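There are 2 protein chains.
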Amino acid sequence: MAPENTSAPTRYVRPEIDVAALTAVLDGEYAVIRDLVRDNLTTYASVLDEADELTADAFRERVREIVVKMAATGQTGMGFPAEYGGGGDVGASIAAFETLAFGDLSVLVKTGVQFGLFGGAILHLGTRRHHEAHLPALITGELMGCFAMTETGHGSNVQALGTLARYDAASREFVITTPDDQARKDYIGNAARHGELAVVFAQLEVDGRSRGVHAFVVPLRAGGEPVPGVRIEDAGRKMGLGGVDNGRIWFDGVRVPREALLNRFADVTPEGVYESPIDDPDRRFFTMLGTLVQGRVSVAGAGIGVAKVALTVATKYAVRRRQFGDGDGSGEQVLLDYGMHQRRLLPLIARTYALHAAQDVVRGQLHEVFSGPGDDARARRRLEARAAGLKALATWHATRVVQECREACGGAGYLAVNRFAALKADSDVFTTFEGDNHVLLQLVAKGLLTDHASEFEDLDQLGTVRYVTGLAVETVIERTSAHKLLERVRDLLPGGDDWDREAGLLDPEYQLAMFRFREEHMLAGLARRIKRGIDQKRPAGAVFSQVQDHVIALARAHVERLVAEAFVDRVRAVPQGGERAALSLLCDLFALSAIEADRAWFMEHGRLTVQRSKAISREVNDLCRKVRPLAVDLVDAWGVPSAVLRAPDLIG
Amino acid sequence: MAPENTSAPTRYVRPEIDVAALTAVLDGEYAVIRDLVRDNLTTYASVLDEADELTADAFRERVREIVVKMAATGQTGMGFPAEYGGGGDVGASIAAFETLAFGDLSVLVKTGVQFGLFGGAILHLGTRRHHEAHLPALITGELMGCFAMTETGHGSNVQALGTLARYDAASREFVITTPDDQARKDYIGNAARHGELAVVFAQLEVDGRSRGVHAFVVPLRAGGEPVPGVRIEDAGRKMGLGGVDNGRIWFDGVRVPREALLNRFADVTPEGVYESPIDDPDRRFFTMLGTLVQGRVSVAGAGIGVAKVALTVATKYAVRRRQFGDGDGSGEQVLLDYGMHQRRLLPLIARTYALHAAQDVVRGQLHEVFSGPGDDARARRRLEARAAGLKALATWHATRVVQECREACGGAGYLAVNRFAALKADSDVFTTFEGDNHVLLQLVAKGLLTDHASEFEDLDQLGTVRYVTGLAVETVIERTSAHKLLERVRDLLPGGDDWDREAGLLDPEYQLAMFRFREEHMLAGLARRIKRGIDQKRPAGAVFSQVQDHVIALARAHVERLVAEAFVDRVRAVPQGGERAALSLLCDLFALSAIEADRAWFMEHGRLTVQRSKAISREVNDLCRKVRPLAVDLVDAWGVPSAVLRAPDLIG
């Protein structure tokens, strides 16, 4: 099919892709661990059938068994110190988790609960005594545990948890209590069946004084039965993830020794004196929470992995299935030769590549922060914001991709045997767990508002303490000048105010300037709106809730800019050749289809003329036609093991 | 929360809604049958739990039992003639089906298969002998049957089915054969277990000559076992709809008597002479298919019903659940007080009301066409196009609404006990069955291209024969003048070319003019593109596939215009008062949020200035704030029985 617009003077040469070479680019430094996971996935590929065939109980046992067997290969312990039997490589642990998302997602999520959440909390919130006591057994999976944070009445607001941990100086014990049903621990993975220990987040009370949320190691079961004072209920059937035993937990005066407090950031002396190296309670709380950031990085990577599986199946189906004949011989076209089908799938492939590049960046930052020499507060904050934002965009992307791909595979996509049923049901909750996406984007935006003000004044307190609590932004915004902000926005355009009207659409600098302009403009606009509300003496909460759609839009724009920058950087780092040429096409397709999707905003804000907006849509069509013949290579390069594609009716 | 824009001179008075009165408006002339279904749903509400608790086999039996019991109340037989035990009211049968969609969707789909597809085929394609033989028993559910159209290799392209029906004049029998696995009947409801008879669509061959696809009544089972020559396989577990026994069927020389041909539109004499009152084979085929249009009308209505359930749960949750405290007292706000949450849910409520109004129109047309005195070909064509288009928009709406509502209910929305798991898994296939949505929209667009040309010339042949086959549009387009079309577009603006720049955003005539302009402009643009391609001597199929995204966009614009007109008309017909005022707000919210969603297009085509585009977004926000206090009444008015809401953790 010839491109409609044949006016371009340079002849386009279709890139030749060496799939193995492209896989090597994508796998990067973690090729070895990723291949180990691929092998493990292939070895245990029968779990995808077992999810359908086994009873709920038997499937849970099977998933546990697989998790333990995979642990024995070293796959799941990469993030723990070598001295306890781990791999000592945080980045590799994330890469392994991303790859594990190609397979059954109950196995993935149980792995995340056990090694990421439970193990991560012991590692990052505990000290040597906790590490020595628990890490060796939990790394092998012999000791299964829970991360008991969320409560029925408190999902996103961890600071308001209701569970109590009162220090009894007489017995040198903490007494853990669930005061009411709103404070029961809820949706807790590993709770309904396998968890023996739990890291329980509770309000610490010492000598009658509340000290905020802290974490405690609390026994849940002994010999398979709940210990006295612990009541556990199965959370029941879920939309998916049937292999994960989620449950609810109530504590009725459960006593644990003083040493059960995970005391890296705060401790209680035997006599009942509270001590912490961090004076400010908010700051302490967010420092503790911040160490758990790898959960969000993991889920972001898992979302990207899920999207790869769905797109691999749908792409292979689309080059196999023939649309019905139209009487003139063109009916021999396969689905992917149709313009609409290209539009449905190819920009999603491009966006998946872009998110992959962004995930590489976040994983790298995580690795540095957790493996680097010192404690760089700025780097931690940047990582937390990036992880939150990417988690939101990547998991929404996964949900959208799975739905589009299911529909693109027609009725066969609805049969359970063809992978989509499980993929859809299992991954649906990604948008909610490890932080609801809308709440996460609000955190991102609040961080931006606060950071941004810091360029005008010293913001040490606000920057660190109120960074996440955020709603005190009005004090910041009051002092910033909207005028200055808009000047700064203009400076973003490398060739002056009119430059972007003439720059080539395929110039990455043009594309990035568009993303940057949008973000800065939204940030300035939001700051102005909040300031206006505050000036009118309206309560901050009401002001914030009224501009909430602008808040979310800003955060999306911010994260999308980071994604675009990561992808552009990534492409530039690849040596010239077929792989780079293909990635370059994808980068253009990602950037222009993202700009196209928001072209109304760009027109409304003077950054896009009507003519140029239409030219972008034509360019996206043209890019789709260029990516079309590369599509199968591009999905193959992700390296989803064929054993886990499991779509016999769709791709054989 | 005061509206941000307080410049409006007229004081806004919040409407008072009488919920029962609004329900009466919505239920319309079918209040009695809808209430019967509501009662039945409440009686059998335990099926929602049983879907989780029973084994697959037991649940299928339970669903069958409920379908039969509901049939005994007269609910499911409304569409059949009274002389056979039916209710003789086609419109009522659709209204009943729409209401049934509030409950378990396996019950809904099995009802649709049995009474709509199987029963409908017997009724509309058969003659008295078939009616007398089968209708009485199938109306009670005593005789269960299948609608065996779809084949593995032929989903949307029914004319290319592979199953053969050869007439053997010697024995006066048809011999039904499945030539290969691509021609096996697939995804057939009632096949795996309960179906005793099937209406089988097959290529009729008489005296060595192929006569195209016809329908035959073929026995599948006797005494619960497949009859000789029939092989049946269970389609296996699906994403949802576990209570429907979908299966695959192969025929190996199965002999049925000559009378098994459903002979309303064609017959074979005992001697083997083919006869039909409709000479043209394409026309005959589409006339036969056209009688089955009620399936699409039913699914559209079911999609709207599903959206109502999801929105009812999410809205009630959103006025109950409190967001976390923000330290200034505003934390007492419930979720629905947040701007973003309003933006997420309220335009979806408005669109659901709009689709309800459009469904009323299509149901009314269906009723007229099938109950009216004569055979009005034009009315039939209009109905078929509307049914196809509304089915696509309504089912996509359902998928989107269920997803948004699930996420808006957080982690609890993921638990199976809270209805969303089933709602999502069961309704997912709506976008695919009874015609893939993208394929349906292509049919709609082809109809528009053809119809549109008919204003310039006599189009009797094309209008009827090529209406659906469509791809011969080039012959039409060649003769039309793009220039004339654009003039016609201008005439759509009631106050001249500039009128819409000044008209009030809340003027329904302005809103409708925008929808009409978009549709006509897209139609003219598409015609031009196709003509250009044809002029360049490129094959029609390639041209069409390249403009496929424009085709889909046109069809969407067309259907959305019809929806807007239906809603505006509907509001105008309601007497002044609180209900009308509320509907009027919803109508504005629907229209403006639809225009907002496509504002890039309107700006690109000179119909919206930047200022006006921004004004529309502000107006949508303002409308959301006005609808907010009415939200619970608005969802209550849909009358989803509380027994089927089944979301104990979300709404108690």
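If you read the protein sequences in the order shown, they are chains A and B. Here the first sequence stands for residues 1 to 652, numbered as in this note's numbering. Here the second sequence stands for residues 1 to 652, numbered as in this note's numbering. Using N, Cα and C, we set each Cβ at its ideal position, and we do this for glycine too. A quick note: this is a predicted structure, and the numbers were derived from the prediction, not measured.
Query                                                                                                                                                                                             : Result
Which residue spans inside the segment 313-374 of chain B form an unbroken alpha helix (DSSP H) run of at least 4?                                                                                : 339-371
On the DSSP bridge list, what partners appear for Ser-210/B?                                                                                                                                      : Glu-205/B
By how many angstroms is the C-alpha of Ile-176/A removed from the C-alpha of Ala-202/A?                                                                                                          : 8 Å
I need the straight-line Cα distance from Leu-623/B to Leu-585/B, nearest angstrom please.                                                                                                        : 7 Å
Starting from the C-beta of Leu-562/B, find all residues in its chain whose C-beta is less than 8 Å away, skip the five residues before and the five after it, and write them out in chain order. : Ala-358, Val-361, Arg-386, Gly-389, Leu-390
Counting only Cβ pairs nearer than 9 Å, list the residues of chain B close to Ala-421/A.                                                                                                          : Arg-237, Lys-238, Met-239, Gly-240, Ala-425, Asp-428
For Pro-575/B, write down the residues that DSSP places opposite it in a beta bridge.                                                                                                             : The partner list for Pro-575/B (beta bridge, DSSP) is empty, contrary to what the question assumes.
Report the three-state DSSP secondary structure of Ile-17/B (helix, strand or coil).                                                                                                              : coil
On the criterion of 16 or more Cβ atoms from any shown chain inside 10 Å, does His-483/A qualify as buried, or is it exposed?                                                                     : Unreliable placement is indicated for His-483/A, whose pLDDT of 45 sits below 50; no coordinate value is reported for it.
Suppose the cutoff is 7 Å on Cβ atoms and the five residues either side in sequence are ignored; what does the same chain contact list for Phe-59/B look like?                                    : Glu-50, Ala-51, Gly-242, Gly-243
Would you list, in chain order, the members of the segment 605-624 of chain A that have their beta-carbon closer than 7 Å to a beta-carbon of chain B?                                            : Val-610, Ser-613, Lys-614
Count the other CB atoms, across all protein chains shown, that sit within 10 Å of the CB of Ser-210/A; report buried if there are 16 or more and exposed otherwise.                              : exposed
Go through its chain and collect everything with a Cβ distance to Pro-347/A's Cβ below 8 Å, but skip five positions before and after it.                                                          : Leu-589, Phe-590, Ser-593, Val-620, Cys-624
Against chain B, with Cβ distances strictly below 9 Å, would Ala-416/A count as a contact?                                                                                                        : yes
Taking one C-beta from the segment 423-430 of chain B and one from the segment 523-536 of chain B each time, how about it: are there three or more such pairs within less than 8 Å?               : no
Please list the residues of the segment 29-53 of chain B that have a C-beta atom closer than 7 Å to any C-beta atom in chain A, keeping them in chain order.                                      : Asp-52
So, does the CB of Asp-186/B fall closer than 9 Å to a CB anywhere in chain A?                                                                                                                    : yes
Can you list, in chain order, the residues of its chain whose CB lies under 6 Å from that of Tyr-12/B, leaving out five sequence neighbours each side?                                            : none
Below 9 Å between beta carbons: does that hold for Gly-153/B and Ala-191/B?                                                                                                                       : no
Distance cutoff 9 Å, beta carbons only. Does Gln-511/A sit that close to anything in chain B?                                                                                                     : no
I want to see whether chain A comes within less than 9 Å of Glu-560/B, judged by CB atoms only; does it?                                                                                          : no
Got a sec? Which residues, its chain only, sit under 8 Å from Glu-205/A by beta carbon, not counting five neighbours each side?                                                                   : Leu-164, Ala-165, Arg-166, Tyr-167, Arg-211
Cβ closer than 7 Å: which chain A residues qualify as neighbours of Ile-278/B?                                                                                                                    : Those do not exist, as Ile-278/B stays about 20 Å from chain A at its closest Cβ, beyond 7 Å.
Since Gly-87/A and Gly-74/A are thought to touch, with beta carbons under 8 Å apart, how far apart are those beta carbons, to the nearest angstrom?                                               : 6 Å
Check whether the Cβ of Tyr-317/A lies closer than 9 Å to any Cβ atom in chain B.                                                                                                                 : no
From Val-109/A to Asp-39/A, what does the alpha carbon distance come to, in whole angstroms?                                                                                                      : 19 Å
If you measure between the beta carbons of Ala-246/B and Gly-162/B, is that distance less than 9 Å?                                                                                               : A quick correction: the sequence has Asn, not Ala, at residue 246/B. Their beta carbons are not under 9 Å apart, which means Asn-246/B does not touch Gly-162/B by this criterion.
Excluding five sequence neighbours on each side, which residues of the same chain lie with their C-beta closer than 6 Å to the C-beta of Met-78/A?                                                : Gly-87, Asp-89, Ala-92, Ser-93, Ala-96
So which residues on chain B does Val-90/A lean against when the C-beta distance must stay under 8 Å?                                                                                             : Ordered by position in chain B, no residue passes the 8 Å Cβ test against Val-90/A, which lies about 27 Å from the chain.
Go ahead and pull the three-state DSSP assignment for Val-25/B.                                                                                                                                   : helix
Tell me, please, which residues DSSP counts as bridged to Glu-151/B.                                                                                                                              : His-154/B, Lys-185/B
According to the neighbour-count rule (16 or more other Cβ atoms, all chains shown, within 10 Å of its Cβ), is Thr-450/A buried or exposed?                                                       : buried
Does at least one heavy atom of the ligand HEM sit under 8 Å from the Cβ of Glu-434/A?                                                                                                            : With respect to the ligand HEM, the structure offers nothing, as it holds no ligand at all.
Give the single residue among Met-70/A, Val-571/A, Arg-556/A whose Cα lies nearest to the Cα of Pro-508/A.                                                                                        : Val-571/A
Counting only Cβ pairs nearer than 7 Å, list the residues of chain A close to Ser-210/B.                                                                                                          : Ordered by position in chain A, no residue passes the 7 Å Cβ test against Ser-210/B, which lies about 15 Å from the chain.
Quickly, what does DSSP pair Pro-226/B with across the bridge? List them, please.                                                                                                                 : Arg-221/B
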